[in-house]
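Q: Structure below; questions to follow.
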Amino acid sequence: MTYSYYPGCTLRNKAKDLDMYARACAEALGFTLEELEQWQCCGGVYPLGSDEIASKLPSVRALDAAKQKGQDLVAVCSACYHVLKRVNDDMANVEDIQTRANNYMQLETPYKGETKVLHFLEVLRDRVGFDELKKKVVSPLTGRKIGAYYGCLLLRPSDVMAFDDPEDPTILEDFIRALGATPVVYPYRNECCGGYISLKEKELATSMCDKITDSAAGFEAECLVTACPLCKYNLNKSGKLPVVYFTELLAEALGVKEGAL
Amino acid sequence: MNKQAELIKEISGVNPLKCMKCGKCSASCPSYNEMDIKPHQFVSYVQNEDIEALTASKSLYKCLSCFACVERCPRGVKPGKLIDAARQVVIRQRGQEYLSPDEVPELLDEETPQQLLMSAFRKYRR
Amino acid sequence: MQRLIDRAKALLESGEVARVLGWRKGENVWDVEPAFFASPEELSDFVYNGFCGANLSKYMIEASKLEGKTLVFLKPCDTYSFNQLTTEHRVDRETAYIVGVGCKGKLKIENIDAKGILDVQGAGYPDASEILTVKTLYGDKEVSYKDAMLERCHVCKGKEHMVYDELIGESVDTCDGDRFAEVAKIEAMSPEEKFAYFQSELSKCIRCNACRNVCPACSCRKCVFDSNKFDSAQKANTISFEEKMFHIIRAFHVAGRCTDCGECSRVCPQGIPLHLFNRKFIKDIDSLYGTWQAGAEVDARGPLTNFRTDDAEPSIVTKRG
Amino acid sequence: MQRIGVFVCHCGSNIAATVDVKKVVEMALKEQGVVHAEDYPYMCSEAGQSRIGEAIAQKGLTGIVVCSCSPRMHEATFRKAAERYGLNPYMVEIANIREHCSWIHKDMAEATEKATILMRAAVAKVHLNAPLQAGESMVTKRALVIGGGIAGIQTAIDIADAGYKVDIVEKTPSIGGRMSQLDKTFPTLDCSACILTPKMVEAAAHENITIHTYSEVEKVSGFVGNFTVDIRKKARMVDIDKCTGCGVCQEKCPSKKTPNEFNRGLNNRSAIYTPFAQAIPNVPVIDTTACIKFKTGKCGVCQKVCQAGAIDYTQQDEIITENYGAIVVATGFDTIKLDKYGEYAYGQSKDVITSLELERVMNAAGPTKGHLERLSDGKAPKEIVFIQCVGSRCSDDRGKPYCSKICCMYTAKHAMLIRDKYPDTNVTVFYIDVRTPGKNFDEFYRRAVEDYGVNYIKGQVGKVIPQADGSLLVQGVDLLDQKQILKKADMVVLATAIEPNPDVRKIATMLTASIDTNNFLTEAHPKLRPVESPTAGVFLSGVRQGPKDIPETVAQAGAAAVKVIGLLAKDKLKTNPCTAKSDELLCNGCSQCANVCPYGAISYETKLINDHGIREDRRVAVVNSALCQGCGACTVTCPSGAMDLQGFSNRQILAEVDAICR
Amino acid sequence: MSMNTEFRPTIVAFCCNWCSYAGADLAGSSRLAYPADVKIIRVPCSCRVNPMFILRAFEKGADGVILCGCHPGDCHYSTGNYYARRRMTLLFSMLDYLGVENGRTRVEWVSAAEGVKFSETMNSFVEKIRSLGPNVRLGDLRCKD
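Given below as structure tokens:
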């Protein structure tokens, strides 16, 4: 199986490891991530305004490129996934945005949300299957107590993201279990880390992350796992628990960590 | 009819009349204590066309767009979209950007991901 | 043929039957007509040959009202019609003495004419795989039996009688075609082609009602098109839509009841392939509601007086394109 | 030739604002056969009706068209009016120019044109109308009540007291319903069992009442006055006549791990069980999915210990068929599933419970023997938070759009009872609105606040956060104080929305009764006929019709009983005259129509028919007009057009088609 | 009809009394607009609709015919709509076979609670018929003014 792959700008830079581990793991699991030839930054946040068209176009281009190749579009970064999926929903269901974006793009055939956007975790859950993943684990992470940190972008708004139960998600816990580790369920796992606010309001972001890490530590998590570079950055600021990308854990369990970077 | 109120409703796609004033948005908001105008009030400010106060509010820059209020609202009002639209109305005016490129370098550290910069520019600038 | 006459004579003489329903010689060899024979003497005009296509079942409706039993000769395909009429209480099985006659396929004079064989005086009745020798004013001519056969015999339902008291004569399987091929061909046309095709066929209709009169399923005491129940009574059509309406409604009324005996097409003086309407319904019924053969058994509940809760929605027509 | 009068109603401005009624009158007068046309502000008013009367008298009208609201609204009104003024009621037709025209169109010219066409269609139909006479059918003097909760019990007792036989069908092993699960009732705080149990006993002992517990309605056929119902009596595996209710079998049963439905799954029960101590009948049933004997073939303990020899593992489900004149649906409610409300941590913490679960916790016969304790560790809670409107008043697909109506009152009750019995325990209630309409209701709520110190906070809870130490952190808002609150709690109680029991669709379909988008049964009229369903002979009782508390339920149960009694008191019913009729001269006797008749109303006779001088015996269809409900299925099956439907005849419908397509 | 005026189709909607007619009433009382081109004929049940009615409508110049009844399983007469479903499926299939545009006929199940669905259905059906244009195949041209 070959997927179109949208890495995103942070994965080209500060979060290279998130990307490299993902590619190595995909190879180990027998599917291919084919990076889109020309992609532009998704913008990091989804433009909420109904009249914002231009800022949605980079996503539309990526979605249409995947459509041309007849492939599903995979993202690893929570933010890219979030933006792509929401823009895709607009293109499928919001007539005004669909018309205006297509008028601007002047494509041969208009893009109407045909591409399926998948997060790497969804590929693991829905295409590979966690049972199958479990079989491929060569060095299980036995004994490690890991707290899943979802944040907002993967889950909300749930009617569009349709990723998991927005209040009581399980995909990362199932993932952790498949790797042989013990998931730690704690109530703040879907609370916001502060997001972009950490640029100007550092204390506010840190206080939010403190709540999250305190809660996780209280339930005896030894580390947190996330899919988002910004979440990781913010959580690291509170400094109470180590934070790793889920792809890193995966690479470790699949025995491809060494040499991935 | 207040033009700015109409604009906010249009940009956000929110119908404030759907609100039943239960307060679940404010109960869910992680930035609640930082805000001068609270999430459940966004709706009434727009409804009462008190846009001047709303656009002057620091809440515009405290909302995380985390969508907890949107997710949990029992009436589908989407207060988070409303405040984002109010912010749009402000930053689209000349000279109203909340982040100037000049102040950026001192806000950065070694680990700052590109994503943070991109997001902040999107949220704070035209 | 002689065996049939002998048996009829015996039954008449013994008084077991009061009359015989069979086929009588016409003016020409091909215009054999259905007839009642009341005495052994009258049987001298009885014939049974390749031109005896007529399905006698429908005449049993009238025969059922008469005193005593009626001996009726039914070809295999005719017995489906008889069963269907029994199901609908139109004929009385008790007053019928059914002699199932063998069938080797029936002929269509137009097919012989089309081969350039004119002024036919007589014809043999060989097996379908053989050559048919035709006597004409200009001497004997030969034609392949298959080429001279009615369309319906190429898609024959089989040579088994569904109901009978006794069987006389051998049958030969004549089926060598796909019953729904013609329908499928039309279904594959564009709407414009379909419309043009049926427009050209139906514009030939002169509303002579031959199809209706011969059809064993069209056995209403009074047809809706002759009564005022639907304000539809008329003989002469004032607008062209009415032909279509007549044929659609006729096909609809017999849908699920039509045994596909093919009499409608056989008797149409204009040569309109009327069976294509009935077969369309049969094809749809088979594919949507399960294979169904009217008259295969008595008292079976037809597809239009039955349903399943998970039947296809009418939108399937649009969806399948 | 008919002499037709056309009456165009303004309906105040409802019609007249969009339809030029004068123009419709003018156009009506151009129609063939129309000898009178007029418009009037309210045709349905007494004055409007008398204008119809005057026109009948003065113009000798033989047919009437009223252009007005939907015939579903006032057809009966105008038919009665016509009858009063000497015209056969079935000579009236309605052109619906309100719901189907003025209310949905804005452009006056367009709406007027459409109204004119609808008027023409109705005129065309009336030309072909014929006077019809209603027939009669017999009434079976026995009622069926589906559901054995307080609604069903009360309805049954009231009907039985009037001298009619009633059967109650209850799907669980005992009657009693939800009310039997409640601890105390508001606003008087009587013990629920103390007031319910006597009613249950009364029903069981009543000579006119037959109770079928552990039974379900399987099939319903027939119509008002003459329903035939198949009831499945599920195999109890216990002989109801031999059992003495001693309870030894339940004690000795080795399979005790099945969640106890009666206690909302908060504890377990044995495989052979009676749901609760006061069950009626006090005869256990064997849950064959849990019973070791049924699962492995080995055990049989209950049979061995039963001195009465009542255990019978060979019992089979039994289907009984009964006839009824009326059916009352009283199938009650359940709380909604909370799986879409993860933010409240129900299912994540044992100490987050629903109010109905709290009823069981508070009840002396419940899983904690009436001690208020945390289900996680058995400790007494010191801080309890109640959250209101959980799943009620929701416009999304997580909950229900309606107010569940009973929650404000039972929460006040719970809060008050807890504060009364455990003064050291603090109670906080997060609410959106406190809704307490009802006699002594608001006083009750105020008492909870003023006399018992219950802390009511106007605001909602965003999230319940389970803590590592086992406590709960409730993150809410106080809207009046403008504060976000983080409150530590030991227990959280959710006022969960209620919904009709999920078997509603099945039962509604069997009864051909309509249900609304929330699965509540629809009333025949929301204001004027609130306990009748639109299907004649089917009545509504209890929460099945809409959320309501116990006194309202009992009142409605009584109202439903009155309607049933009114029906059963009649010996005969007038039947709808719009029934099928077969033209003997055209009938082929082919039996196709009988095949599709859902009521078995068509039979065949051999008759001597004189068909234009030809006299012969023919098999012809005969319609039993008492059984025929007028659906028309037969008419389309009939190829000759012999079968026709009175009031909706082929020619009438074709005339409408012609008028519309003209 | 001249070419430059907007095409206003004639549409006949047969509605069963118990569900769809009530659904249309609900659409009305909820003020859910749909084009005035739709004219409703009340029948007791969808099974009352004879194919003859539909053909007659087309004969007399209708551009589209829609039949609305209770949802399968919810028929007021228990089974009427099941028969209607088979009849209409076969009839529509036959019309399609004769080359009539299959968008001109439709069956839709609309309950008494589905005012919104009724209005949406009528809007979409009218739109479909408008896109198909006047019915020339089933109408008789000589009959028109």
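Protein chains in written order, with my numbering: chain Z, 1 to 261; chain C, 1001 to 1126; chain X, 2001 to 2321; chain H, 3001 to 3662; chain W, 4001 to 4145.
All C-beta atoms, glycine included, are put in the ideal place defined by N, C-alpha and C.
As the structure is a prediction and not an experimental result, all values here were calculated from the model.
#1: Are Ile-3353(H) and Leu-3486(H) touching if we call contact CB-CB under 9 Å?
#2: May I ask you to list, following chain order, the residues of the segment 4042-4074 of chain W that have a beta carbon less than 7 Å from some beta carbon of chain X?
#3: Once DSSP output is grouped into helix, strand and coil, what is the label at Thr-3289(H)?
#4: What residues in its chain sit with their C-beta under 6 Å from that of Lys-1038(C), if we drop five residues either side in the sequence?
#5: Relative to the alpha-carbon of Lys-3572(H), which residue among Ile-3150(H), Val-3169(H), Gly-3225(H) has its alpha-carbon at the smallest distance?
#6: Name the chain H residues whose beta carbon is nearer than 8 Å to that of Thr-4010(W)?
#7: Let me know if Phe-3078(H) comes out buried or exposed under the rule of 16 or more other beta-carbons within 10 Å of its beta-carbon.
#8: Measure the C-alpha to C-alpha separation of Ala-3160(H) and Glu-3202(H) and round it to an integer number of angstroms.
#9: So, for Cys-3253(H): in the same chain, excluding its five sequence neighbours on each side, which residues have a beta-carbon less than 7 Å away from its beta-carbon?
#10: Thinking C-alpha only, which one of Gly-3391(H), Asp-3396(H), Ala-3204(H), His-3525(H) is nearest Lys-3405(H)?
#11: Please return the same chain residues whose Cβ sits closer than 7 Å to the Cβ of Glu-3359(H), not counting the five positions on each side in sequence.
#12: In three-state terms, what does DSSP make of Val-3092(H)?
#13: Beta-carbon separation of Gly-3222(H) and Gly-3177(H) under 9 Å?
#14: Would you kindly work out how many angstroms separate the C-alpha atoms of Asp-2284(X) and Ala-3642(H), rounded to a whole number?
#15: With a CB to CB cut of under 7 Å and the five nearest residues on each side skipped, what residues in its chain are close to Gly-195(Z)?
#16: Closer than 8 Å by C-beta to Val-290(Z): which residues in its own chain qualify, once you throw out the five before and the five after it? Chain order, please.
#17: Go ahead and pull the three-state DSSP assignment for Thr-3509(H).
#18: Looking at chain H, which residues of the segment 1049-1076 of chain C have a Cβ within less than 9 Å of any of its Cβ atoms?
#19: Would you mind reading off the limits of the alpha helix (DSSP H) that contains Ile-3320(H)?
#20: Report the CB separation of Ala-4113(W) from Asp-3420(H) in whole angstroms; it is logged as a contact under 8 Å.
#21: Quick check for students: name the residue ranges of the alpha helix (DSSP H) that lie wholly in the segment 159-242 of chain Z, counting only runs of 4 or more.
#22: In the DSSP assignment, the alpha helix (DSSP H) including Phe-3444(H) goes from what residue to what residue?
#23: Please state the DSSP three-state secondary structure of Ala-2312(X).
#24: Taking only three categories from DSSP, how would you classify Met-2149(X)?
#25: Taking one C-beta from the segment 3621-3634 of chain H and one from the segment 3586-3597 of chain H each time, how about it: are there three or more such pairs within less than 8 Å?
#26: Which residues in the same chain have their Cβ closer than 6 Å to the Cβ of Thr-213(Z), if we skip the five residues on either side of it in sequence?
#27: Looking only at C-alpha atoms, which of Gly-3060(H), Met-3001(H), Ser-3070(H), Leu-3528(H) sits nearest to Val-3008(H)?
#28: Quick check: the segment 4030-4038 of chain W against the segment 4103-4113 of chain W, are there 3 or more CB pairs under 8 Å?
#29: Name the residue from Ala-2096(X), Ser-2144(X), Ser-2039(X), Lys-2104(X) whose alpha carbon lies nearest to the alpha carbon of Ile-2117(X).
#30: Taking contact to mean at least 3 C-beta pairs separated by less than 8 Å, is the segment 3009-3023 of chain H in contact with the segment 3134-3141 of chain H?
#31: Would you mind stating whether Pro-4051(W) and Val-3434(H) have Cβ atoms separated by less than 9 Å?
#32: Go through its chain and collect everything with a Cβ distance to Cys-209(Z)'s Cβ below 7 Å, but skip five positions before and after it.
#33: Would you say Ser-4148(W) lies against chain X (beta-carbon separation less than 9 Å)?
#34: Looking only at its own chain, which residues have a Cβ that is under 6 Å from the Cβ of Tyr-2080(X), when we skip the five neighbours before and after it?
#35: So is Leu-3029(H) buried or exposed if we call it buried at 16+ other beta carbons inside 10 Å?
#36: Classify Glu-3532(H) as helix, strand or coil using the three-state DSSP reduction.
A: Answer, in terms of the structure:
#1: No. Outside cutoff.
#2: Within the segment 4042-4074 of chain W, contact with chain X at the beta-carbon level (separation under 7 Å) is assigned to Pro-4051, Met-4052, Leu-4055, Glu-4059, Pro-4072, Gly-4073.
#3: Looking at Thr-3289(H) - three-state DSSP - the assignment turns out to be coil, as it is neither helix nor strand.
#4: The residues are Ser-1026.
#5: Checking every option, the nearest Cα to that of Lys-3572(H) belongs to Gly-3225(H).
#6: Residues of chain H passing the Cβ test: Ile-3660, Cys-3661.
#7: The residue is buried, with at least 16 neighbouring Cβ atoms inside 10 Å.
#8: Near 11 Å, if we compare the C-alpha coordinates of Glu-3202(H) and Ala-3160(H).
#9: Only Ser-3270, Ala-3271, Ile-3272, Val-3301, Cys-3302 meet the Cβ criterion.
#10: Of the residues Gly-3391(H), Asp-3396(H), Ala-3204(H), His-3525(H), the one whose Cα lies closest to the Cα of Lys-3405(H) is Gly-3391(H).
#11: Cβ within range, chain order: Gln-3181, Leu-3182, Asp-3183.
#12: Collapsing the DSSP output to three states places Val-3092(H) in a strand.
#13: By the CB criterion at 9 Å, Gly-3222(H) and Gly-3177(H) fall outside the cutoff.
#14: About 27 Å.
#15: Same-chain partners within the cutoff: Leu-230.
#16: No answer is possible for residue 290(Z): the residues shown for chain Z start at 1 and end at 261.
#17: Assignment of Thr-3509(H) by DSSP, reduced to helix, strand and coil, places it in the helix class.
#18: Residues Ala-1068, Cys-1069, Glu-1071, Arg-1072, Cys-1073, Pro-1074, Arg-1075, Gly-1076.
#19: Counting along the chain, Ile-3320(H) falls outside any alpha helix (DSSP H), though it belongs to the beta strand (DSSP E) covering 3318-3324.
#20: The C-beta distance from Ala-4113(W) to Asp-3420(H) rounds to 44 Å, too long to meet the 8 Å contact threshold.
#21: Correct list: 171-178, 202-218, 229-238.
#22: Its alpha helix (DSSP H) spans residues 3441-3450.
#23: Correct three-state label for Ala-2312(X): coil.
#24: Judged by DSSP in its simplified three-state form, Met-2149(X) adopts strand.
#25: Taking a contact to require three or more Cβ pairs closer than 8 Å, the segment 3621-3634 of chain H and the segment 3586-3597 of chain H qualify as touching.
#26: Only Ser-238, Lys-240, Leu-241 meet the Cβ criterion.
#27: Selected option, being the one with the closest Cα: Ser-3070(H).
#28: Contact between the segment 4030-4038 of chain W and the segment 4103-4113 of chain W is absent, because fewer than three Cβ pairs lie under 8 Å.
#29: Ranked by Cα distance from Ile-2117(X), the first of Ala-2096(X), Ser-2144(X), Ser-2039(X), Lys-2104(X) is Ser-2144(X).
#30: Between the segment 3009-3023 of chain H and the segment 3134-3141 of chain H, the count of C-beta pairs closer than 8 Å stays below three; the two stretches do not touch.
#31: No.
#32: The beta carbon of Cys-209(Z) is closer than 7 Å to those of Cys-193, Gly-194, Asn-234, Leu-235, Lys-237, Ser-238 in its chain, skipping five residues each way along the sequence.
#33: Given that chain W is displayed from residue 4001 to residue 4145, the structure contains no residue 4148(W) and the question cannot be resolved.
#34: Excluding positions up to five away in sequence, the list reads Met-2162, Thr-2259, Gly-2295.
#35: It counts as exposed.
#36: Reduced to three states, the DSSP call for Glu-3532(H) is strand.
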